[in-house]
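Residue numbers (the numbering used here): 47 to 387. Report on one structure; see the data block that follows.
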């Protein structure tokens with residue numbers, strides 16, 4: 047039982063990070079981020095490829111998406127070309143991914159250490175998430191949730207297909223961030239599992255401080271509470287959306303980097319992992335961060351015990367957690383008003 051609890055806590059910590067990212071993105075942009083699983087996959091397989099001395103296609107994808115995002119900015123600003131704004135867009139969308147690509151090419155030839163591979167993987171996937179919002183979601187930010195969901199599904203399918211193109215159908219594993227281990231109370235704790243716990247706690251504390259004490263964090267909170275009110279108060283909701291996607295893609299990439307030393311990941315594995323984070327987010331009502339974190343631990347525990355007692359039905363049991371939650375919510379709120387923006 048202790049082994050199963052330990053495994054459940056480790057998995058639950060990963061799902062907590064993904065669930066928090068999903069809640070953050072939905073609260074700020076109203077986008078149900080289906081591609082969150084692809085951020086996990088891209089982060090994990092980019093890290094594994096770099097560690098093996100292979101060039102990841104995601105670095106080239108980040109540059110290509112950045113060029114498209116820069117073209118979008120030029121088109122929007124065509125009537126009033128402000129030099130500073132264009133220069134800022136050029137630096138963010140073209141120069142930055144170009145530098146990351148150059149560093150990646152240089153690092154691949156020298157088999158980078160774990161720290162360098164981690165930093166490059168986070169930079170690449172975070173850039174992809176940032177440009178994904180600019181290209182796919184910012185132009186339709188004021189449409190209905192259904193339209194945003196359809197766009198999200200389309201992005202998921204596109205990114206998954208690109209993942210197959212970049213990494214192939216074979217699974218990969220990466221080196222552990224920490225190789226040390228110790229035993230306590232009959233349980234063996236690896237450096238990787240300790241890293242998972244530490245990073246999860248650090249992220250939760252960091253997000254709490256970010257939302258509570260920083261200007262950008264308060265802007266995100268204001269946008270989540272009332273988009274129209276935030277715009278009237280002078281908050282750029284497009285910037286809030288970019289920050290939300292940047293954080294979500296970074297969290298997804300970091301989750302993948304923590305998972306890939308533990309288990310073999312394939313180009314489509316992240317979708318299933320992301321769905322379990324989505325379950326935690328749904329249990330949290332897509333609004334509550336603490337409830338989402340607690341729900342993620344519950345999902346991890348249920349998965350661990352069901353994999354031991356009924357491994358053939360593990361996924362079924364985990365996804366069935368949604369049924370009582372949705373039933374209770376439908377009974378508690380029987381009438382749903384039309385969405386208004």
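Heads up, the beta-carbon is just placed ideally off N, CA and C, and yes, glycines get one too. If you're wondering where the values come from, they're calculated on a predicted model, not measured in any experiment.
How many angstroms separate the CA atom of residue 276 from the CA atom of residue 282?
8 Å
Are three or more beta carbon pairs between the segment 47-56 and the segment 143-152 nearer than 8 Å?
no
Please classify residue 179 as buried or exposed, where buried requires at least 16 other C-beta atoms within 10 Å of its C-beta.
buried
What does the alpha-carbon distance come out to for the pair residue 365 and residue 114?
37 Å
Tell me whether residue 369 is buried or exposed, calling it buried when 16 or more other Cβ atoms sit within 10 Å of its Cβ.
exposed
Pairwise C-alpha distance: residue 63 and residue 301:
7 Å
Span of the alpha helix (DSSP H), counted from its first residue to its last, around residue 246:
237-259
Going by the beta-carbon positions, is the gap between residue 112 and residue 303 smaller than 8 Å?
no
Where residue 271 and residue 98 are concerned, what is the direct C-alpha to C-alpha distance, given to the nearest angstrom?
45 Å
Residues bridged to residue 218 [DSSP beta-bridge criterion]
311
Taking only three categories from DSSP, how would you classify residue 63?
helix
Test item: CB-CB of residue 67 and residue 294 under 8 Å:
yes
Name the one or two DSSP bridge partners that residue 234 has.
229
Short check: CB of residue 290 to CB of residue 266, under 8 Å?
yes
Could you tell me the alpha carbon to alpha carbon distance between residue 344 and residue 234, rounded to whole angstroms?
22 Å
With a threshold of 6 Å on Cβ separation, who are the neighbours of residue 351 within its own chain once the five nearest residues in sequence on each side are excluded?
50
Please confirm whether residue 341 and residue 83 have their CB atoms less than 8 Å apart.
no
Own chain, CB closer than 6 Å to residue 347, minus 5 neighbours either side, in chain order:
54
Under the assumption that residue 59 contacts residue 167 (Cβ atoms under 8 Å), give the Cβ distance between them as a whole number of angstroms.
Contact flag wrong, Cβ pair sits at about 19 Å.
Residue 328: which of 373, 170, 313 and 309 sits nearest, CA to CA?
373
Between the segment 302-316 and the segment 211-222, do three or more beta carbon pairs fall short of 8 Å?
yes
Where residue 190 and residue 75 are concerned, what is the direct C-alpha to C-alpha distance, given to the nearest angstrom?
11 Å
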